[in-house]
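Novice:
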Amino acid sequence: MEERGKQRNLLTLALSVAVLIAAPGAWAQSPPGAEETRAGTIAASQAEKAKTLHPHEPNTAEIWVKKLEEQFLSGAMHWHPYFQSAYAGGGFTLGAGYATHVSPYNTVDLRGSYTFSGYKRIEAEFLAPRLFDRRGKLSVIGGWREATEVGFYGFGTGNTSQDDRANYSFQQPYVSATLDVWPTRKWLFLSAGVEYSQWDQNPGEGADPSVEEVYTPQTLPGLDAKITYLHTQGTAAIDWRTSPGYSRTGGYYGATFHDYSDSDDVYGFRQVDYEVIQHVPLFRDAWVLSLRGRIETTYTDDGQTIPFFMLPALGGGSSLRGFTSWRFRDRHSLLLQAEWRVLVNSFMDTAIFYDAGKVTASRSDLDLEDLKSDYGIGFRLHGPAATPLRIELAKSNEGLVIVFSAHASF
Amino acid sequence: MHLLHLLVHPVTRRRLAVAVCTSTVLVATLALGHAASQKFYRDDPIVREPETQDASGAQPRDIDLFYELTYNLFVVPRRPPTNTRAGNLNTIDEVPDSSWFTNRVGARALTLEELTRGPVAGPPPASATWTITREKSAGAAPGFTAQDANGETFFVSFDAPVNPDGATGALVIATKIFWALGYNQVEYFLTDFRPDAVVIDPKATKRRPSGERTPLEQDDVRETLERAHRRADGSYRAAAGRMLPGKVLGGFEYQGTRPDDPNDVVPHQHRRELRALRVFGAWTNLTDMKGGNTLDTVISEGGRSVVRHYLQDVGSTFGVGANGPHEWNEGWEHVYDGAATKRRLLTFGFGFSPWQTADYEDHPAVGRFEGDAFDPETWKPRSPTAAYVEMRDDDAFWAARRVMAFSDEMIRAIVKTGQFSDPKAERYLGDVLIKRRDKIGRAYLPKINPIVDPNLDASGVLTFGNAAVQAGFAPAPASYQATWFTFDNTTGEATRIAATESATERMPAPAQLRPTPGAFVKVELSATSAAHPAWAQPVHAYFRRQADGWTLVGFERLRDKQ
Numbered sequence: 015m016e017e018r019g020k021q022r023n024l025l026t027l028a029l030s031v032a033v034l035i036a037a038p039g040a041w042a043q044s045p046p047g048a049e050e051t052r053a054g055t056i057a058a059s060q061a062e063k064a065k066t067l068h069p070h071e072p073n074t075a076e077i078w079v080k081k082l083e084e085q086f087l088s089g090a091m092h093w094h095p096y097f098q099s100a101y102a103g104g105g106f107t108l109g110a111g112y113a114t115h116v117s118p119y120n121t122v123d124l125r126g127s128y129t130f131s132g133y134k135r136i137e138a139e140f141l142a143p144r145l146f147d148r149r150g151k152l153s154v155i156g157g158w159r160e161a162t163e164v165g166f167y168g169f170g171t172g173n174t175s176q177d178d179r180a181n182y183s184f185q186q187p188y189v190s191a192t193l194d195v196w197p198t199r200k201w202l203f204l205s206a207g208v209e210y211s212q213w214d215q216n217p218g219e220g221a222d223p224s225v226e227e228v229y230t231p232q233t234l235p236g237l238d239a240k241i242t243y244l245h246t247q248g249t250a251a252i253d254w255r256t257s258p259g260y261s262r263t264g265g266y267y268g269a270t271f272h273d274y275s276d277s278d279d280v281y282g283f284r285q286v287d288y289e290v291i292q293h294v295p296l297f298r299d300a301w302v303l304s305l306r307g308r309i310e311t312t313y314t315d316d317g318q319t320i321p322f323f324m325l326p327a328l329g330g331g332s333s334l335r336g337f338t339s340w341r342f343r344d345r346h347s348l349l350l351q352a353e354w355r356v357l358v359n360s361f362m363d364t365a366i367f368y369d370a371g372k373v374t375a376s377r378s379d380l381d382l383e384d385l386k387s388d389y390g391i392g393f394r395l396h397g398p399a400a401t402p403l404r405i406e407l408a409k410s411n412e413g414l415v416i417v418f419s420a421h422a423s424f
Numbered sequence: 069m070h071l072l073h074l075l076v077h078p079v080t081r082r083r084l085a086v087a088v089c090t091s092t093v094l095v096a097t098l099a100l101g102h103a104a105s106q107k108f109y110r111d112d113p114i115v116r117e118p119e120t121q122d123a124s125g126a127q128p129r130d131i132d133l134f135y136e137l138t139y140n141l142f143v144v145p146r147r148p149p150t151n152t153r154a155g156n157l158n159t160i161d162e163v164p165d166s167s168w169f170t171n172r173v174g175a176r177a178l179t180l181e182e183l184t185r186g187p188v189a190g191p192p193p194a195s196a197t198w199t200i201t202r203e204k205s206a207g208a209a210p211g212f213t214a215q216d217a218n219g220e221t222f223f224v225s226f227d228a229p230v231n232p233d234g235a236t237g238a239l240v241i242a243t244k245i246f247w248a249l250g251y252n253q254v255e256y257f258l259t260d261f262r263p264d265a266v267v268i269d270p271k272a273t274k275r276r277p278s279g280e281r282t283p284l285e286q287d288d289v290r291e292t293l294e295r296a297h298r299r300a301d302g303s304y305r306a307a308a309g310r311m312l313p314g315k316v317l318g319g320f321e322y323q324g325t326r327p328d329d330p331n332d333v334v335p336h337q338h339r340r341e342l343r344a345l346r347v348f349g350a351w352t353n354l355t356d357m358k359g360g361n362t363l364d365t366v367i368s369e370g371g372r373s374v375v376r377h378y379l380q381d382v383g384s385t386f387g388v389g390a391n392g393p394h395e396w397n398e399g400w401e402h403v404y405d406g407a408a409t410k411r412r413l414l415t416f417g418f419g420f421s422p423w424q425t426a427d428y429e430d431h432p433a434v435g436r437f438e439g440d441a442f443d444p445e446t447w448k449p450r451s452p453t454a455a456y457v458e459m460r461d462d463d464a465f466w467a468a469r470r471v472m473a474f475s476d477e478m479i480r481a482i483v484k485t486g487q488f489s490d491p492k493a494e495r496y497l498g499d500v501l502i503k504r505r506d507k508i509g510r511a512y513l514p515k516i517n518p519i520v521d522p523n524l525d526a527s528g529v530l531t532f533g534n535a536a537v538q539a540g541f542a543p544a545p546a547s548y549q550a551t552w553f554t555f556d557n558t559t560g561e562a563t564r565i566a567a568t569e570s571a572t573e574r575m576p577a578p579a580q581l582r583p584t585p586g587a588f589v590k591v592e593l594s595a596t597s598a599a600h601p602a603w604a605q606p607v608h609a610y611f612r613r614q615a616d617g618w619t620l621v622g623f624e625r626l627r628d629k630q
């Protein structure tokens with residue numbers, strides 16, 4: 015070992031000499047009596063280096079970066095983090111998944127997550143991203159999830175209070191298939207999906223009272239219900255954003271039609287969602303004014319009713335951000351959002367935002383009166399097509415809410 | 069743990085520590101022994117950097133894109149420049165020819181025919197049929213590796229749909245500019261690519277997201293072409309780059325040396341031609357200077373294997389990239405720029421940057437490229453390199469003279485080879501290059517003492533030029549001063565003879581100057597200019613007396629650490 019160390023030091027000494035000879039300006043200052051020409055001094059330094067040639071040795075950081083790239087970018091990725099909560103309002107989520115290719119492009123991903131409030135999700139997804147000459151994408155998911163303390167504050171916007179919170183829980187096995195199609199590869203977006211699932215609503219956990227302590231099945235439709243839905247849906251939209259996950263220009267204008275068919279014909283209903291998003295770049299994308307409007311409206315079949323936990327809702331990190339998740343529920347909802355996004359650098363945006371919305375029992379009440387509103391500031395890390403981290407501080411008349419999300423706001 | 073500490077291999081760290089100690093001792097020894105050193109050899113100034121060793125053992129290596137980007141964005145800018153004089157200069161402050169660089173524009177007269185041919189040495193591709201042999205292996209641009217009808221391999225790339233003529237034109241024009249500037253370039257041609265004339269080599273494969281390679285299919289070709297601009301007749305305008313000769317080693321780094329190339333003895337960050345890319349890049353808006361856009365190959369030369377270094381892809385020039393126009397802030401900010409980030413974060417975007425108000429004419433073939441708001445000294449590539457950081461004023465002066473050597477006529481002739489379908493775009497690109505050229509000259513030529521081309525004739529009359537005055541970027545100084553020394557080449561001792569002064573760029577040597585054959589004379593030349601006080605810092609010229617007169621053997625514009 016000692017001998018090797020000496021050899022290494024000698025090698026280093028030789029290298030140092032070579033480096034010095036080659037050092038800037040050193041060509042003009044070689045020792046007297048060495049070589050008689052400039053070319054000779056250079057040749058000598060090259061000859062010296064020739065004795066110590068070796069292949070490139072990557073440093074520790076380079077080795078690790080390479081490993082990470084091979085893991086995440088080469089297609090060899092299997093284990094991956096997964097931050098999708100079982101249900102909105104579950105709090106900080108940890109999870110992991112194992113994905114593998116079953117063909118050159120198609121993948122199967124088995125994943126699960128757990129939140130600090132005990133929300134759980136486990137599911138498997140088969141994803142075929144290149145159907146119909148790269149015009150279609152098919153996702154088939156089967157899984158099970160449980161949410162333990164979902165808040166319910168009563169119906170409507172103006173006549174409920176934070177103090178009215180009651181909790182419920184549910185368990186849900188589900189299997190679904192969604193086919194997304196871009197017939198012209200750009201602009202026109204069509205989607206169709208079917209889901210078969212069972213909602214098993216149960217008493218809630220947590221510090222707040224459970225729903226059955228506050229309500230009865232007569233005052234709260236769906237209380238203690240176990241409903242099996244066949245949910246079909248279809249979307250038609252014009253989408254000219256650069257990406258749904260991150261865009262500084264373009265827009266989305268779409269409508270989604272849902273049919274929730276209850277196998278017992280008690281809780282069946284239909285829902286239509288209208289959504290408009292517009293990004294307006296200002297001063298060369300340095301600022302972007304982003305606007306969003308969304309209306310969710312429901313219809314029931316004769317003699318059937320909508321269970322309270324399936325009603326349109328507002329509140330949480332993707333709607334009224336200054337309010338807790340599921341804060342407002344009723345038959346119909348209106349949401350209006352505006353963001354002033356500022357490009358900080360190629361990977362980072364900041365934004366100030368304003369949200370307003372309401373839920374109503376009657377469709378005719380979907381107007382701009384008595385809206386609940388909030389405002390706040392946000393910070394986002396993004397790539398060209400995705401926003402993997404969004405942190406926001408939102409203020410409403412009910413207090414401050416901090417939002418952590420792995421998705422764009424809209 | 070300090071980031072630099074993490075980035076250096078432990079073994080390398082130990083070696084560095086020992087090297088630093090031994091270097092210190094050696095530097096001290098050299099400094100003490102300076103009086104006994106010989107400054108000029110009989111072959112000075114050399115015109116070619118010799119390559120004496122066999123480099124056949126050099127091995128291919130991929131520079132990791134993400135690692136390089138991270139390192140260049142977050143480590144390189146934190147290191148203060150060493151203010152070290154470039155290490156590959158000959159004794160008259162010039163860059164000798166080498167496997168990196170060949171003196172062309174500014175060093176000799178180039179004909180328009182030479183300029184517009186550029187690096188092209190062989191015939192254009194025979195585009196009657198293209199046989200695709202593999203996917204494009206590098207870069208984000210849509211393209212293929214394909215063989216032409218004669219079976220010769222080319223790298224074929226296309227224009228972005230919204231920027232017809234842009235990326236292909238930039239490649240063809242920029243390769244000629246950088247060839248003229250002295251860099252080794254790929255031979256690029258504009259050619260046609262018709263989907264009905266495409267054949268897929270049965271052995272061609274493509275790497276899929278799963279990591280496996282499967283046969284290349286027609287749909288893969290369609291997918292690539294969907295990202296390219298399609299002409300009305302269904303064909304595509306393409307830039308075809310001829311495959312380089314020799315064994316491909318991968319890109320070079322802008323710092324250190326190749327450890328497997330014995331002839332590579334000057335750290336790359338101290339090579340003047342690599343430092344000068346900061347100026348040439350600013351001129352042409354070469355924003356993507358990553359190692360992945362360079363290429364080393366091993367070729368046989370004079371019976372020996374040597375490594376030749378290429379700027380392989382200079383297509384990120386002007387205002388268009390392979391996938392569309394440059395980002396608005398490209399050329400103005402690094403991808404991550406701490407100062408701009410802080411300013412915009414703290415002012416919520418109200419702290420404007422120049423790119424937000426710069427005026428770009430609308431030419432899809434040229435993109436976001438302009439000359440009015442352009443400032444050569446604040447121009448920035450996507451990420452800095454160590455060589456970019458190390459550029460000194462004398463490197464910039466050298467580079468600016470090369471840029472200024474392009475006449476309007478030369479620039480317009482090169483731009484014409486881009487064959488833009490819109491003549492207004494061609495004119496605009498030429499106008500902007502001329503405007504940016506002049507801004508570069510105005511910024512760098514008067515910045516330091518601009519005395520050039522000193523000559524001492526046999527009769528003892530000293531003449532020289534003033535690059536800033538000649539270019540019209542500065543008024544003539546009130547006077548020039550020369551301090552004359554005899555110079556002992558063996559000891560390095562300079563003994564003052566006399567001082568002379570002149571209002572012009574011509575002055576006689578003092579009577580004490582003795583024309584003894586073999587004698588050396590040193591002249592310190594400065595100028596008095598109220599507008600440019602920096603000109604008072606003298607340049608150092610050394611002449612050796614030959615039988616027939618005085619020969620310039622040494623020239624220093626800025627000394628080490630000056």
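So the protein sequences, as listed, match chains C and G. Numbering-wise (the numbering used here), the first sequence opens with residue 15 and increments by one. Numbering-wise (the numbering used here), the second sequence opens with residue 69 and increments by one. We treat Cβ as the ideally placed atom computed from N, Cα and C, and that holds for glycine. As the structure is a computational prediction, the values presented were derived from the model and not from experiment.
1. Helix, strand or coil for S339 (chain C), going by three-state DSSP, please let me know.
2. Are the C-beta atoms of S360 (chain C) and some chain G residue less than 8 Å apart?
3. Would you give the residue range spanned by the alpha helix (DSSP H) that Y135 (chain G) belongs to?
4. Taking the alpha carbon of D130 (chain G) as the point to measure from, which residue in G:R340, G:K107, G:D364 has its own alpha carbon closest?
5. Beta carbons nearer than 8 Å to chain G: which residues of the region 294 to 313 of chain C have them?
6. I need the boundaries of the alpha helix (DSSP H) containing W78 (chain C), first residue and last residue.
7. Within 10 angstroms of the Cβ of K244 (chain G), are there 16 or more other Cβ atoms? Answer buried if so, exposed if not.
8. Are the CB atoms of T352 (chain G) and T385 (chain G) nearer to each other than 8 Å?
9. So is S59 (chain C) in contact with chain G if we call contact Cβ pairs under 8 Å?
10. Between C:R394, C:G103, C:A64, C:F97, which has its C-alpha nearest G109 (chain C)'s C-alpha?
11. Considering only the beta carbon of each residue, do A609 (chain G) and L593 (chain G) sit closer than 8 Å?
12. Pick out whichever of C:Q185, C:H92, C:Q176, C:G104 has its Cα sitting closest to the Cα of V116 (chain C).
13. Apply the 10 Å Cβ neighbour rule to N557 (chain G) and answer buried if 16 or more other Cβ atoms are within range, or exposed otherwise.
14. Which residues, in chain order, does the region 92 to 104 of chain C contribute to contact with chain G at a C-beta distance below 9 Å?
15. Taking Q60 (chain C) as part of the beta strand (DSSP E), name the residues at either end of that continuous run.
16. Using the C-alpha atoms, what's the distance from N517 (chain G) back to L538 (chain G)?
17. DSSP three-state label for W201 (chain C), please.
18. Taking only the alpha-carbon atoms, compute the straight-line gap between Y133 (chain C) and Q215 (chain C) and give it to the nearest angstrom.
19. By the 7 Å beta-carbon criterion, what residues does the region 402 to 417 of chain G contribute toward chain C?
20. So what does DSSP say about L581 (chain G), is it helix, strand or coil?
21. Who are M575 (chain G)'s beta bridge partners in DSSP?
22. Smallest Cα separation from Q323 (chain G): which of G:V144, G:P113, G:A194?
23. For H245 (chain C) and chain G, any beta-carbon pair shorter than 8 Å?
24. Distance, Cα to Cα, F257 (chain G) vs T263 (chain C)?
25. Rounding to the nearest angstrom, what Cα-Cα distance links T282 (chain G) and A142 (chain C) in this structure?
26. Which class does W603 (chain G) belong to by DSSP, given the choice of helix, strand or coil?
27. With a threshold of 8 Å, are at least 3 pairs of Cβ atoms found where one atom belongs to the region 149 to 157 of chain G and the other to the region 453 to 462 of chain G?
28. Pull up the distance between the alpha-carbon of P545 (chain G) and that of A595 (chain G), whole angstroms please.
29. With a cut-off of 8 Å, does the C-beta of Y119 (chain C) fall near any C-beta of chain G?
30. Does the distance from the C-beta atom of H394 (chain G) to that of K492 (chain G) stay below 8 Å?
31. Is A399 (chain C) close to chain G, meaning its C-beta is less than 8 Å from at least one C-beta of that chain?
Specialist: The answer reads as follows:
1. coil
2. yes
3. 133 to 142
4. G:D364
5. F297, R298, D299, A300, W301
6. 74 to 87
7. buried
8. yes
9. S59 (chain C) has a beta carbon lying within less than 8 Å of a beta carbon in chain G.
10. C:F97
11. yes
12. C:H92
13. buried
14. none
15. Here Q60 (chain C) belongs to no beta strand (DSSP E); instead the alpha helix (DSSP H) covers 52 to 64.
16. Reading off the sequence shown, one finds Gln at residue 538 (chain G), where the question assumed Leu. Rounded to the nearest angstrom, the gap between the Cα atoms of Q538 (chain G) and N517 (chain G) is 13 Å.
17. strand
18. 14 Å
19. V403, Y404, D405, A408, T409, R412, L413, F416, G417
20. coil
21. G:L530
22. G:V144
23. no
24. 35 Å
25. 17 Å
26. For W603 (chain G), the secondary structure class from DSSP, reduced to helix, strand or coil, is helix.
27. yes
28. When only Cα atoms are considered, P545 (chain G) and A595 (chain G) end up about 6 Å apart.
29. yes
30. no
31. no
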